[in-house]
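Data block below; observations after.
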Amino acid sequence: MKLFHDVLQQMRALLPEQPALSAAYRSDLCAESGDKNAILFRSDTAYELGGSGKPGVSSVLFGEIDASQDEVLVYGKDLCELTQDTAFAHLTIVQLKEHSEEDLRYEQLKEIGFRLFQLYPEGYHIRVSPSAGREQVRVAKSALQGAFPLSFINIGCSLIRLLREHEDVARVQTVFITGENVDYAALAALARKAKSITEAVQHTLQFGELDCASCKMKPICDEVEGLRELHMKKEKEKQNHGA
Amino acid sequence: MRTVTFAFTGKGGVGKTSLSAALIRLLSERYPDKRILAVDADPAIGLATALDMKPPMTLDDVRLRIAASIDKGETADAIDLLSEAKFHLLDCIAERSNLSFLAIGRPEAAGCYCKVNAYLKQVLETISGNFDYVVIDGEAGIEQINRRVMENITYLVLVSDGSRKGIQVVSAIHHVAVNLVKWEKAGVIFNRIRSGFDPPATQEIPPVLAVIGDDDAQAQNDMQGQSVFSLPDDAPVLRGAAQALDALLQENGS
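So the sequences go chain by chain: D and P.
Numbered according to this note's numbering, the first sequence spans residues 1 to 243.
Numbered according to this note's numbering, the second sequence spans residues 1001 to 1254.
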């Protein structure tokens, strides 16, 4: 989807040239699933990603992925290398199948977005605030012990599996960022913009409103190339369908 | 894991919060390897002081925050709102060793507490499984019984003083609870009792678990704003709570 192209480019420009770690999706690398109602207590937590008031940026974008396979990228330290609460960002880029982009539906974007809330890896307690675009994760002490400590690669593969189960998803790239050498404020601003684009697309697809003057999505529609075209296309389809 | 739930209720001002806190202290000391959740379901919010635990947010804060975002016209789906509520849930839980504490908060708006009670019920259903013991310090009267906030509990503990009114309230709550609440065992603790009191022999109230006299140590503790953990081991409220706990656990082997 071209709508997110600029935001995605700007986000990538904020990251180092090469990830510290990368892996193509493999089902055997997926993390073990936990109980969706389980609480990870402070006393059992090694540290919290985005904890102690540090940044915790979360963003889902729909766009083109410049890779031939589903993959997990890690910028900064992996889970077993961290020892204390740290700044964190988690970006998920979803590429839709071509026919799906042309026949975009409101439910489709929602269904794909909701899958992010259905990830419950054992020893990795995720909490997401959609309104604040914030993600915080408690990582269990027990998950970091043993011969195979939990890695972002395991979490990323689990997320990819969950998203790829959706029939309209062609490819997924999930990016984990830790450490202090990233401009999280800029990432958060871009995440908010990505959210505005998603909301404008959903608004267009759901309501097909044509009175731009009174629509609260107008500023983002004016700014992002392609949103207005999508709007007009959907309106035309509606009129043709009515005729 | 089986979660054992104690729910305290009764007339206002009979010492429910002090007894809930005493039971929580006993459980946390007797079973250091077990997880205990203390729930302040009373808008009077006394349990936080009694335990000296204060979470950054109450359930009502979360409910209001979500309601405000809807009032502002922010578009959000039910799943977004659920995720939002789940995000803040951990901010509502204070933790100290094996003890966790959650408070309903004090709704600022006048009127009924239905919405926050409904939210509390949902939260308890979701998170109780993480704990070995849950102790709910309920609000006075039958509202939370009526609203089925305490729908499935292990032990219903009714608290009364020696007054006729206190006993009538306990009898009324018991009567309503028989139809609306599932429990394994119920009992009454008579608290702040002066000499010469005979517990009423009536089938209108469940068996007596303990009779506790005036407790100077507890009164002193309250005046100084000290927690239940500052009380001497032999304080009457602790001895009474221990007697009630033993009586409840005796047959069930919980």
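Even for Gly, the Cβ is constructed at its ideal location relative to N, Cα and C.
Is there a Cβ from chain D that is less than 8 Å from the Cβ of lysine 1086 of chain P? To locate residue 1086 of chain P, count along the second sequence from 1; it is residue 86. Proximity of lysine 1086 of chain P to chain D, defined by a Cβ-Cβ separation below 8 Å, is satisfied.
Would you call the CB atoms of valine 1135 of chain P and isoleucine 1024 of chain P closer than 8 Å? In the second sequence, counting from the first residue as 1, residue 1135 of chain P sits at position 135. In the second sequence, counting from the first residue as 1, residue 1024 of chain P sits at position 24. Yes.
Taking just the CA atoms, how far does leucine 1245 of chain P sit from leucine 49 of chain D? Walking along the first sequence from the start, residue 49 of chain D turns up at place 49. Walking along the second sequence from the start, residue 1245 of chain P turns up at place 245. Those two C-alpha atoms are separated by around 40 Å.
Taking any Cβ of chain P, which residues in the segment 107-138 of chain D have a Cβ under 7 Å from it, in chain order? Here the close residues are Lys110, Phe114, Phe117, Arg127, Val128, Ser129, Pro130 and Ser131.
Closest by CA to aspartate 304 of chain D, which one among D/His203, D/Thr174, D/Lys216 and D/Val94? Shown here, chain D extends from 1 to 243; a query on residue 304 of chain D therefore has no answer.
With respect to the beta strand (DSSP E) encompassing valine 60 of chain D, which residues constitute its N-terminal and C-terminal limits? One-based indexing of the first sequence puts residue 60 of chain D at position 60. It spans 56-62 - the beta strand (DSSP E) in which valine 60 of chain D sits, taken as one unbroken run.
Straight-line Cα distance separating leucine 116 of chain D from leucine 163 of chain D: Here residue 163 of chain D is taken as the residue at index 163 of the first sequence, counted from 1. Here residue 116 of chain D is taken as the residue at index 116 of the first sequence, counted from 1. Roughly 8 Å separates the two Cα atoms.
At the level of alpha carbons, what is the spacing between alanine 1007 of chain P and leucine 1037 of chain P? Here residue 1007 of chain P refers to the residue found at position 7 of the second sequence. Here residue 1037 of chain P refers to the residue found at position 37 of the second sequence. Each residue's CA atom was taken as its position, placing alanine 1007 of chain P and leucine 1037 of chain P some 12 Å apart.
Against alanine 38 of chain D, what residues of chain P qualify as contacts under a CB-to-CB distance less than 7 Å, listed in chain order? Translated into positions along the first sequence, residue 38 of chain D becomes position 38. Scanning chain P for C-beta atoms nearer than 7 Å to the C-beta of alanine 38 of chain D yields Asn1130, reported in chain order.
For the 8 Å Cβ check, are there 3 or more pairs between the segment 39-56 of chain D and the segment 6-18 of chain D? At 8 Å Cβ cutoff, the stretches do not touch.
Per DSSP, which one or two residues make a beta bridge with arginine 127 of chain D? For the purposes of this step, residue 127 of chain D is taken as residue 127 along the first sequence, with counting starting at 1. Paired residues: D/Gln136.
Can a CB atom of chain P be found closer than 8 Å to the CB of phenylalanine 41 of chain D? The count along the first sequence starts at 1 and reaches residue 41 of chain D at position 41. Closer than 8 Å: yes.
For serine 1083 of chain P, which residues in chain D fall below 7 Å Cβ to Cβ? Locating residue 1083 of chain P in the second sequence gives position 83, counting from the first residue. Under a criterion of Cβ atoms nearer than 7 Å, the residues of chain D adjacent to serine 1083 of chain P are, in order, Phe117, Val128 and Pro130.
Using a C-beta to C-beta distance shorter than 8 Å, which residues of chain D count as neighbours of aspartate 1080 of chain P? One-based indexing of the second sequence puts residue 1080 of chain P at position 80. Here the neighbours are Pro130 and Ser131.
Using DSSP's beta-bridge definition, name the partner residues of glutamine 18 of chain D. One-based indexing of the first sequence puts residue 18 of chain D at position 18. Beta-bridge analysis with DSSP links glutamine 18 of chain D to no other residue.
Any C-beta of chain D sitting closer than 8 Å to the C-beta of leucine 1019 of chain P? Stepping through the second sequence from its first residue, residue 1019 of chain P is reached at position 19. Not one chain D Cβ lies under 8 Å of leucine 1019 of chain P.
Grab me the residues of cysteine 157 of chain D's own chain with a C-beta within less than 6 Å of its C-beta, minus the 5 sequence neighbours each way, in chain order. Translated into the one-based positions of the first sequence, residue 157 of chain D becomes position 157. So the list reads Tyr25, Leu29 and Cys30, once near-sequence residues are dropped.
8 Å contact criterion, which isoleucine 1104 of chain P and threonine 1058 of chain P should meet: CB distance rounded: If you number the second sequence from 1, residue 1104 of chain P lands on position 104. If you number the second sequence from 1, residue 1058 of chain P lands on position 58. Isoleucine 1104 of chain P to threonine 1058 of chain P, Cβ: 6 Å. Contact.
Kindly indicate which three-state DSSP category isoleucine 39 of chain D falls into: helix, strand or coil? If you number the first sequence from 1, residue 39 of chain D lands on position 39. Of the three classes helix, strand and coil, the one that applies to isoleucine 39 of chain D here is coil, per DSSP.
Using the C-alpha atoms, what's the distance from serine 129 of chain D back to glutamine 206 of chain D? Along the first sequence, read from residue 1 onward, the residue named residue 206 of chain D stands at position 206. Along the first sequence, read from residue 1 onward, the residue named residue 129 of chain D stands at position 129. Cα atoms of glutamine 206 of chain D and serine 129 of chain D: separation of roughly 23 Å, rounded to the nearest angstrom.
Buried or exposed: where does serine 1230 of chain P fall if 16 or more other Cβ atoms within 10 Å of its Cβ makes it buried? As a first step, residue 1230 of chain P must be located in the second sequence, where it is residue number 230. Its Cβ having fewer than 16 others within 10 Å, serine 1230 of chain P is exposed.
Return the chain-ordered list of same chain residues with a C-beta closer than 8 Å to the C-beta of arginine 1192 of chain P, the five sequence neighbours on each side being excluded. The residue you call residue 1192 of chain P lines up with position 192 of the second sequence. Cβ within range, chain order: Val1014, Gly1015, Asp1161, Gly1162, Ile1212, Gly1213, Asp1214 and Asp1215.
Boundaries (first-last residue) of the beta strand (DSSP E) holding histidine 90 of chain D: Your numbering for residue 90 of chain D matches position 90 in the first sequence. Counting along the chain, the unbroken beta strand (DSSP E) around histidine 90 of chain D starts and ends at 88-96.
Mind listing the chain D neighbours of glutamate 1095 of chain P? Cutoff is C-beta to C-beta under 9 Å, in chain order. The residue you call residue 1095 of chain P lines up with position 95 of the second sequence. Taking the beta carbon of glutamate 1095 of chain P as reference, the chain D residues within 9 Å of it are Phe41, Arg42 and Ser43, listed in sequence order.
Taking isoleucine 1127 of chain P as the query, report the chain D residues whose CB atoms sit under 7 Å from its CB, ordered along the chain. Along the second sequence, read from residue 1 onward, the residue named residue 1127 of chain P stands at position 127. Within 7 Å Cβ-Cβ: Asn37 and Ile39.
With distances taken between CB atoms, is the gap from glycine 1012 of chain P to leucine 1158 of chain P smaller than 8 Å? Translated into the one-based positions of the second sequence, residue 1012 of chain P becomes position 12. Translated into the one-based positions of the second sequence, residue 1158 of chain P becomes position 158. Taking a C-beta distance under 8 Å as the contact criterion, glycine 1012 of chain P and leucine 1158 of chain P do not qualify as a contact pair.
Would you please state the rounded distance, in angstroms, between the beta carbons of glutamate 56 of chain D and proline 121 of chain D? I believe it to be under 8 Å. Start at 1 with the first residue of the first sequence, and residue 56 of chain D comes out as number 56. Start at 1 with the first residue of the first sequence, and residue 121 of chain D comes out as number 121. A small correction: the amino acid at residue 56 of chain D is glycine; glutamate does not occupy that position in the sequence shown. Incorrect: roughly 17 Å between the Cβ atoms, too far for contact.
Beta-carbon proximity of valine 172 of chain D to isoleucine 155 of chain D, cut-off 8 Å: Numbered from its first residue, the first sequence carries residue 172 of chain D at position 172. Numbered from its first residue, the first sequence carries residue 155 of chain D at position 155. Taking a C-beta distance under 8 Å as the contact criterion, valine 172 of chain D and isoleucine 155 of chain D do not qualify as a contact pair.
Below-8 Å beta-carbon distance, leucine 1051 of chain P vs any chain D residue: Taking the second sequence and counting its residues from 1, the one referred to as residue 1051 of chain P is at position 51. Output row for leucine 1051 of chain P: interface = no.
Extent of the continuous alpha helix (DSSP H) to which valine 7 of chain D belongs: Walking along the first sequence from the start, residue 7 of chain D turns up at place 7. Its alpha helix (DSSP H) spans residues 5-13.
Local Cβ density within 10 Å of glycine 1206 of chain P, reported as buried at 16 or more and exposed below that: As a first step, residue 1206 of chain P must be located in the second sequence, where it is residue number 206. Before going on, a small fix: residue 1206 of chain P reads as proline here, not glycine. Answer is buried; the Cβ neighbour count reaches 16.
So that I know if they touch, is there some Cβ in chain D lying closer than 8 Å to that of serine 1124 of chain P? Numbered from 1 along the second sequence, position 124 holds the residue referred to as residue 1124 of chain P. For the sequence presented, residue 1124 of chain P should be read as leucine rather than serine. By the rule that beta-carbons nearer than 8 Å mark a contact, leucine 1124 of chain P does not touch chain D.
Tell me whether proline 121 of chain D sits in a helix, a strand or coil according to DSSP, three-state version. For this step, residue 121 of chain D is matched to residue 121 along the first sequence. Assigned with DSSP and collapsed to three states, proline 121 of chain D falls in strand.
Let's test the definition: count the other Cβ atoms within 10 Å of the Cβ of cysteine 212 of chain D and tell me whether it reaches 16, buried, or not, exposed. In the first sequence, the residue the question calls residue 212 of chain D occupies position 212. That one is exposed.
Taking one C-beta from the segment 1180-1192 of chain P and one from the segment 1032-1052 of chain P each time, how about it: are there three or more such pairs within less than 8 Å? Fewer than three pairs of CB atoms, one per stretch, sit closer than 8 Å, so the segment 1180-1192 of chain P makes no contact with the segment 1032-1052 of chain P.
Helix, strand or coil at alanine 200 of chain D according to DSSP, with G and I counted as helix: Position 200 of the first sequence, counting from 1, holds the residue named residue 200 of chain D. Three-state result, alanine 200 of chain D: helix.
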